[in-house]
Structure formats: C-alpha cells, structure tokens
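K.L.:
Below is a structure I'd like to ask you about.
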Amino acid sequence: MRSKPTILAVAISLVCLLNITMINASATGGTLPQAAPLRPVTLQLRWEPQFQFAGYYAALWQGYYADAGLDVTIRSAFDENGEVRQATEEVQSGRADFGVGAVDILMANEQGEALSVVAAIFQRSAVAYYRLEETRMTTLVDLLDLTVARRHHDLLDVELQAMLIAEGIDPGQLPYTEKSGSFTLEDLTTGRYEVVPVYLGSLLMEARRAGVPVAALRPLDYGIDFYGDSLFATTRLTRDDPELVEAFRQATLKGWRHALNNPEEMAKAMTDVFQNSLAGNGDEAGDHRFFHASELLSYNRFQAQQVLELTYYPVVEVGNLHPFRWEQTHQALTRLGLLSEPLDLSQFIFDYSRLQQEKQEHQQQLLRVLTLVGFLVLTGFLLVTITSRSAARRLEKLFQQEREENQRKEAFMLYQARMAAMGEMVTHIAHQWRQPLNNLGLVLGNLEDAFWHGELDESHMIQSMDKSRKLIGRMSGTIDDFMQFANPTTQGEAFRVMEAVEEVLDLMEDRFLLHKIQVTTEADENLRAWGYRNQFSQAAFNLIANAVDALVEKQISQRKIHITIDNDTPWVAVSIADTGGGIPATIADRIFEPYFSTKPQKQGTGLGLYMTKTIVENSLKGTLRWENSTQGAVMTIRIPEEKGAVNA
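Printed below as a string of structure tokens:
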C-alpha cells in the first residue's frame, strides 16, 4: 500500500521542481548569475574625438561602462592612414558592436545587415546651411539663384533635398561640386560658394573668431525634423543579447547626463586627452583641424553649447526615442528615392522592455507546456492512486480552489481597469471645473471691488449672485454626471442607450476640444437596452478613449469619431468608428489580451480592451467585435434590447 502514495509524492515533487526551476530561470534572465570578466565592446564614432561624443568618454572615464561589466574601446572615425571609417559599415561588418549615426542608419539598414536604433542623443539634426549675412535670401526658391555647395552621396545634402522637395522644388536644379573635405568660412568669404552645409555649427565658431556675420538655414524651419547623433547596433545583437545592449545603453546615458551636467569639466578633459593628436597640421579632413592646440578648448566649449541645444537636456530625457519621427524620416528618404523598402519599427527601435516581455511570455509558454506535461504525468499517477470517494473529493476541492483563484485574478484586473477609467474621468472633471472656478473667482473679485469703491448696488448684487449660482450649478452637474457613471448597479435595468453614450461624451468633452476631435452621432434616441447601465458606460468610455488615443498618437490631421446606434434585433448595436488608420495586422490577434498595450509603459495598463470585452460578454451578455474601415478602426458592441430582458 505504501508504493502508490510514494509514486504520487515523487510525481508531485517533479512538477513542483519544474515550476521552481522555470521561475528561478525567469528571475535571472534564463541563466544563473555568476562572476565574469569585463566583456569587450567596441564603439565606432562618426568623426574625431570632440565634445560631440563627450557622453561616451564620460561613461568610459567615470567607470560607468566598467560598472556595467563592459570593457569599452571608443574608436575615432579616422584610421592610422587618415581614411574615414563609416560607422554603419563597421557595425554591419562586425568590426564594431555599436556606432554613432543619423539618417545613414536608415539608409544602411536597407543596404546591408539590419540595424536598430538604441538611443537618440541629439533630439534635432545638427545639419545647417550657412551663408554670409549680406547674401540676400528670403525663401528657398532664392537658392536657385545662389551658388550652393553640394556633393554627391553627402549625408549633409539629404536634408537640403528634403527641404526643397517639401517646398515643391526639384533638387536637380542645383548642381553638385567636386570639393573634398569640410566647407569652411573661406569658401564663403572668397565667393567660391554662397551657401555651404555644416554639421554641428563648426563654421559658426570660425565666423565668430573672424568677426564675419553669417546666417543659418535650418531644416527644422521647413518641417524637416530628423534626429541627429544616435546610438545604434545590429538588430541581431539587440535580439540575441538584449541584456548587453541595455547595459551599454544605460551606462552611455549615465555618461551623457554627466557630460551635460558638467560641460566645462568634459571640455577640458577632451582637450587634454586629444589635443596632441587632433590639432594644428592644417589638414581640412576634420572640422576642427584648422585650430591650433591652444584653441581646441575654445572649440570644445563652443561644441558643448551646441550639443546642449541639440539634446534639449534636461527638458527631454537623454536618449529619448519617438518611433513616429523615425517613421517620418523614413518616408522623407523614400520620397527622395534613397529608400524603397518599408520600415519595421518593432525591429528598428530597440525596446528592452518589449524584448523582456516577449522573453517572459516565451518562458511562460514553456512553463505552461512543462506544467501540462507534469499535470498529465500527475494525472496518470492519480488515476492509479485515487480509488476512493475521499480522494475524488480532494481533487475536486483542488480544482475549485484553482477556479476561485482565477476568479479573484479576473476581479482584480476588472478593478485595475475601472480605477484607470475613474482616474481619467477625474482628470476630465478637473478640466471641466477649472473654467467655472476661474469665472467664479472673477465674480467674487468684482463684488469685492464694488464693495470697497462704494459701487455695490442691488442690481449688481443680483446679477453677481445669479451668475454664481449658474456656475455652481454647472459644477454640480459635472459631479452628478460622474456619480451616475461611477455608481455601481447590482440589478439589470432597461436604459436608453443614447443617454448613456451622451453622458460619456459629456465627461470627455474637454478632451475632444483639446485635441480638436470632431465627434458625431447617428442614433435612434428611443432605443433601449437591458443590462447594467454603468458597466455599459464603462465599456463605451474605454472604446472612445482608445479611439482618442489612436488619433492623437498617430497625429492624424482629420480627427473624427462617429458613433452609430442601431436596432439589430434581438440586439442594440453601438459602433464607434475613428479615422486613426486602423489596427495593424501584426497585433490584430492580441488586442484583447490582458496587459497587452502599444502605449508607453507609464501611459497604459493593457487592460482596457480586455476588460471591455469581459464586461460586454460576461456582464452584459453581448458581443464585442472589430474591423478596419478605409479610414480607421470600427468597434461594435451588441447588447440585448429591452424586450430580451426575460432571457438575459
């Protein structure tokens, strides 16, 4: 008799061991922590060492890379023979692990091994086009009458082309030059060229030294908003070793914060370390080689000012990446004929949190498989060992506990979703109260002034009191709307669907106005449904809020939401259509999964659509379906109409 319980105990122990092993592996990233030597990493710069790259050297000299377990080598763009190393080529060939680039990252991404942007250091492009201040120019069309310095396959020329095309001008009307090396102030003062391209304003430093007034033409003024210096790696490295990439990214951003907080210290350090190798030979291959060693400190200080402006630090967090801007840049390069393939942003933008989530989901899937295998093994043993009703009751109790646990989890997710919606509604109430409170303050101020100046008569008092009561009534109405929305109901009821939708729209009115969203409705106002009115309101609120987010995040110019309420016996159908471009096929199967969200981590819980579907199907006994129209997504709720109350 002892052999059977012993076998059962072994099986249970096996399943527990599998679970514990997988949980521990997940907690440690799949491997057990162990001491290891510093890992060699090579970073390829896009030019010579100067303040433009101060953050990387700060991370090296302050020990941030070493603290991250990395032995980093930073390489100049110039080799021992003075030949330029292209950062994209060095990374794609495997001679460097990371590189610094800009629009060339997108261009190389299509021509060789796939690349991924890890962090954007310069939030704006450092490219500008300079002319002498006396050279007259009012519009881009004037460039056609000027001698503009352009070179074939020059990255500095890409943004000039983009500006011209944006203004409807064919870049082919401006000829190219064969000049090599950097363009200098002498090119302008001698009349060789009237407009020259410059990166990071080096010519401006030279002009200030010489006292020559110059003017700058910047792409941003014409809507060309490219990123500047950005850190990148191969997509293969970001996929195969995201921990290494994230460690390098975090140490690099820490170095940049140090450099931007201590520009004078870093300018002096960069000068002291590199002055002997960079200055004074008269070669124009580098932007600052025309400076003597004694002037390098001034040049690095000048660059520090330029870099601080381009990073927008501390207003913008160092390394901030916005996928939409990279997508816009890709579209601009496509219009120039420089790119032809579509851009997969999910691969091009390094997102450590997303990669970790995917890894955890894979591990959880494996865990579920192993658990299922263990469960089947356990079931086999149980079929042998369970021979009495008492054992069957114990098994039933085990399953009952598991079901109750799942119900508790679902209730907790419902609570999270409702709290998120409530928080957003409180924000709307704050917006709706702000103007009445301001007006009420003005009324009281006018009363006080009238009193102290002896101008407070009966007519003035009556008018002020009437206006105050109306303002207070408006604020009270806002609270009533909120309470109607928030009050839970415990019994089903018949309600007018249009009234419930209008209450939601009233709560969100300020958000529509803020984002210039046009909301229209098409409905039979007498249609009545049966169910829980407040839960229907929450579901409608979630779907409309999702539509607003889609229109804002994708920066849609024509922002519209159209709500239709139809009779579809035995249902009432409520459709919410937006012009946000629709749901991508890549995520279509996941939008109703719990905790799945395309929003940044701090802006979304990933519970909205999941709990909306749960509310509609479980509480309202209806259905929630979606489809893409020619303009955007259409979400349709179907709930029982009033005459179906008996069967609900």
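Residue numbers (mature numbering (1 follows the signal peptide of the UniProt record, and there is no 0)): -27 to -1, 1 to 621. We put the beta carbon where it would ideally sit given N, CA and C, even for glycine.
Look at the alpha carbon of Met438 and the alpha carbon of Asp422, and state the distance between them as a whole number of angstroms.
P.N.:
Within the sequence shown, numbered from 1, the residue matching residue 438 stands at position 465. Within the sequence shown, numbered from 1, the residue matching residue 422 stands at position 449. In a straight line, the C-alpha of Met438 is about 15 Å away from that of Asp422.
K.L.:
So, helix, strand or coil for Arg182, using DSSP?
P.N.:
Residue 182 sits at position 209 when you count from the first residue of the sequence shown. Note: Arg182 maps to helix in three-state DSSP.
K.L.:
In the DSSP assignment, find the beta strand (DSSP E) that holds Phe26 and state where it starts and stops.
P.N.:
Looking up residue 26 in the sequence shown gives position 53. It is not in any beta strand (DSSP E) - Phe26 carries neither H nor E in the DSSP assignment.
K.L.:
So, with DSSP's three-state summary, where would you put Met608?
P.N.:
Counting from one through the sequence shown, the residue named residue 608 turns up at place 635. In the structure shown, Met608 sits in a strand (DSSP, three-state: E or B).
K.L.:
Can you give me the C-alpha to C-alpha distance between Gln320 and Leu210, rounded to a whole angstrom?
P.N.:
Here residue 320 refers to the residue found at position 347 of the sequence shown. Here residue 210 refers to the residue found at position 237 of the sequence shown. Cα to Cα, the separation comes out at about 11 Å.
K.L.:
Helix, strand or coil for Lys594, going by three-state DSSP, please let me know.
P.N.:
The count along the sequence shown starts at 1 and reaches residue 594 at position 621. Reduced to three states, the DSSP call for Lys594 is coil.
K.L.:
Would the beta-carbon of Pro148 fall within 9 Å of that of Leu137?
P.N.:
On the sequence shown, residue 148 is found 175 positions in, with the first residue counted as 1. On the sequence shown, residue 137 is found 164 positions in, with the first residue counted as 1. For Pro148 and Leu137, no; Cβs fall outside 9 Å.
K.L.:
Where DSSP assigns a beta bridge to Gln491, which residues make up the other side?
P.N.:
Here residue 491 corresponds to residue number 518 of the sequence shown, with the count starting at 1. Paired residues: Lys533.
K.L.:
Looking at Arg274 and Ala240, is the spacing between their C-beta atoms short of 9 Å?
P.N.:
Residue 240 sits at position 267 when you count from the first residue of the sequence shown. Residue 274 sits at position 301 when you count from the first residue of the sequence shown. Contact: yes.
K.L.:
Please decide whether Glu179 counts as near chain B, where near means a Cβ-Cβ distance under 9 Å.
P.N.:
Checking the listed chains, one finds no chain B in this structure; it contains a single protein chain.
K.L.:
Might you give, ordered along the chain, the residues of its own chain that have their beta carbon closer than 6 Å to the beta carbon of residue 623, omitting 5 neighbours on each side?
P.N.:
The structure shown has nothing for residue 623, since the chain only spans -27 to 621.
K.L.:
With distances taken between CB atoms, is the gap from Glu140 to Thr111 smaller than 9 Å?
P.N.:
Here residue 140 corresponds to residue number 167 of the sequence shown, with the count starting at 1. Here residue 111 corresponds to residue number 138 of the sequence shown, with the count starting at 1. Contact: no.
K.L.:
Compute the Euclidean distance between the alpha carbons of Ala561 and Asp497, then round it to the nearest angstrom.
P.N.:
Working through the sequence shown from its first residue, we reach residue 561 at position 588. Working through the sequence shown from its first residue, we reach residue 497 at position 524. Approximately 31 Å, taken between the alpha carbons.
K.L.:
I need the straight-line Cα distance from Leu270 to Thr244, nearest angstrom please.
P.N.:
Locating residue 270 in the sequence shown gives position 297, where the first residue counts as 1. Locating residue 244 in the sequence shown gives position 271, where the first residue counts as 1. Their Cα atoms are separated by approximately 6 Å.
K.L.:
Taking Val73 as the reference, give the member of Gln65, Thr61, Ala502, Met80 with the closest Cα.
P.N.:
As a working mapping, residue 73 is identified with position 100 in the sequence shown. Looking at the Cα atoms, Thr61 is the closest of the given residues.
K.L.:
Taking all protein chains shown into account, do 16 or more other C-beta atoms lie within 10 angstroms of the C-beta of Lys227, making it buried, or fewer, making it exposed?
P.N.:
In the sequence shown, counting from the first residue as 1, residue 227 sits at position 254. By the neighbour-count rule (16 or more Cβ atoms within 10 Å), Lys227 is buried.
K.L.:
Check whether the stretch 42 to 51 touches the stretch 82 to 92, taking contact to mean three or more Cβ pairs, one atom from each stretch, closer than 8 Å.
P.N.:
No, they do not touch.
K.L.:
Inspect the beta-carbon positions of Ala75 and Leu294 and report whether they are closer than 9 Å.
P.N.:
Within the sequence shown, residue 75 is the residue found at index 102, counting from 1. Within the sequence shown, residue 294 is the residue found at index 321, counting from 1. Against a cut-off of 9 Å, the Cβ pair of Leu294 and Ala75 comes out as no contact.
K.L.:
If you measure between the beta carbons of Arg12 and Gly55, is that distance less than 9 Å?
P.N.:
If you number the sequence shown from 1, residue 12 lands on position 39. If you number the sequence shown from 1, residue 55 lands on position 82. For Arg12 and Gly55, no; Cβs fall outside 9 Å.
K.L.:
Starting from the C-beta of Glu614, find all residues in its chain whose C-beta is less than 8 Å away, skip the five residues before and the five after it, and write them out in chain order.
P.N.:
Counting from 1 along the sequence shown, the entry for residue 614 is found at position 641. Taken in chain order, the residues that qualify are Leu500, Arg501, Ala502, Trp503, Asn540, Thr542, Pro543, Trp544, Val545.
K.L.:
Please classify His303: is it buried, with 16 or more other beta-carbons within 10 angstroms of its beta-carbon, or exposed?
P.N.:
Taking the first residue of the sequence shown as 1, we reach residue 303 at position 330. His303 is buried by the Cβ-count criterion.
K.L.:
Which complete alpha helix (DSSP H) runs does the stretch 35 to 115 hold, if anything under 4 residues is left out?
P.N.:
Complete alpha helix (DSSP H) runs here, min 4: 37 to 40, 60 to 66, 76 to 84.
K.L.:
Rounded to whole angstroms, how far is the Cβ of Ala529 from the Cβ of Thr494, which I believe are closer than 8 Å?
P.N.:
In the sequence shown, the residue the question calls residue 529 occupies position 556. In the sequence shown, the residue the question calls residue 494 occupies position 521. The amino acid occupying residue 529 in the given sequence is Ile; Ala does not appear at that position. Contact doesn't hold; Cβ gap of about 20 Å is too wide.
K.L.:
Cutting at 6 Å between CB atoms, please list the residues of its own chain near Gly554, excluding the five before and the five after it.
P.N.:
To locate residue 554, count along the sequence shown from 1; it is residue 581. So the list reads Lys527, Gly605, once near-sequence residues are dropped.
K.L.:
Straight-line CA distance for Ile47 to Leu204?
P.N.:
As a first step, residue 47 is located in the sequence shown; it is residue number 74 there, counting from the start. As a first step, residue 204 is located in the sequence shown; it is residue number 231 there, counting from the start. The alpha-carbon atoms of Ile47 and Leu204 are separated by roughly 13 Å.
K.L.:
I'd like to check one pair, Leu410 with Leu420: are the Cβ atoms closer than 9 Å?
P.N.:
Residue 420 sits at position 447 when you count from the first residue of the sequence shown. Residue 410 sits at position 437 when you count from the first residue of the sequence shown. No, they are not a contact pair.
K.L.:
Could you pull out every residue in the same chain whose Cβ sits closer than 7 Å to the Cβ of Gly2, ignoring the five residues on either side in sequence?
P.N.:
Residue mapping note: residue 2 aligns to position 29 of the sequence shown, counting from 1. Bear in mind that the predicted position of Gly2 carries a pLDDT of just 47, short of 50, making it unreliable; the figure below should be weighed with that in mind. Glu216.
K.L.:
Per DSSP, Gly554 is paired with what?
P.N.:
Start at 1 with the first residue of the sequence shown, and residue 554 comes out as number 581. Gly554 pairs with nothing; no bridge assigned.
K.L.:
Can you give me the C-alpha to C-alpha distance between Ser602 and Thr120, rounded to a whole angstrom?
P.N.:
Here residue 602 corresponds to residue number 629 of the sequence shown, with the count starting at 1. Here residue 120 corresponds to residue number 147 of the sequence shown, with the count starting at 1. C-alpha separation (whole angstroms): 50 Å.
K.L.:
If you reduce the DSSP assignment to three classes, tell me which class Val525 lands in.
P.N.:
Here residue 525 is taken as the residue at index 552 of the sequence shown, counted from 1. Correct three-state label for Val525: helix.
K.L.:
With three or more C-beta pairs closer than 8 Å as the rule, is the stretch 99 to 111 touching the stretch 181 to 197?
P.N.:
Output reads yes: the stretch 99 to 111 touches the stretch 181 to 197.
K.L.:
Within 10 angstroms of its Cβ, does Ile490 collect 16 or more other Cβ (buried), or is it exposed?
P.N.:
In the sequence shown, residue 490 corresponds to position 517, counting from 1. Per the 10 Å Cβ criterion, buried.
K.L.:
Evaluate Val607 with the Cβ neighbour count: other Cβ atoms within 10 Å of its Cβ, from every protein chain shown; 16 or more gives buried, anything less gives exposed.
P.N.:
Sequence index remark: in the sequence shown, residue 607 carries index 634 (1-based). By the neighbour-count rule (16 or more Cβ atoms within 10 Å), Val607 is buried.
K.L.:
I'd like the span of the alpha helix (DSSP H) that includes Arg222, first residue to last.
P.N.:
As a first step, residue 222 must be located in the sequence shown, where it is residue number 249. Taken as a continuous stretch (DSSP letters only), the alpha helix (DSSP H) holding Arg222 covers 215 to 234.
K.L.:
For Asn499, which of helix, strand or coil comes out of DSSP?
P.N.:
For this step, residue 499 is matched to residue 526 along the sequence shown. In this structure, Asn499 counts as coil in the three-state DSSP scheme.
K.L.:
What's the gap between the Cα of Ala224 and the Cα of Ser250?
P.N.:
Reading the sequence shown from its first residue, position 251 is the one you call residue 224. Reading the sequence shown from its first residue, position 277 is the one you call residue 250. Roughly 27 Å separates the two Cα atoms.
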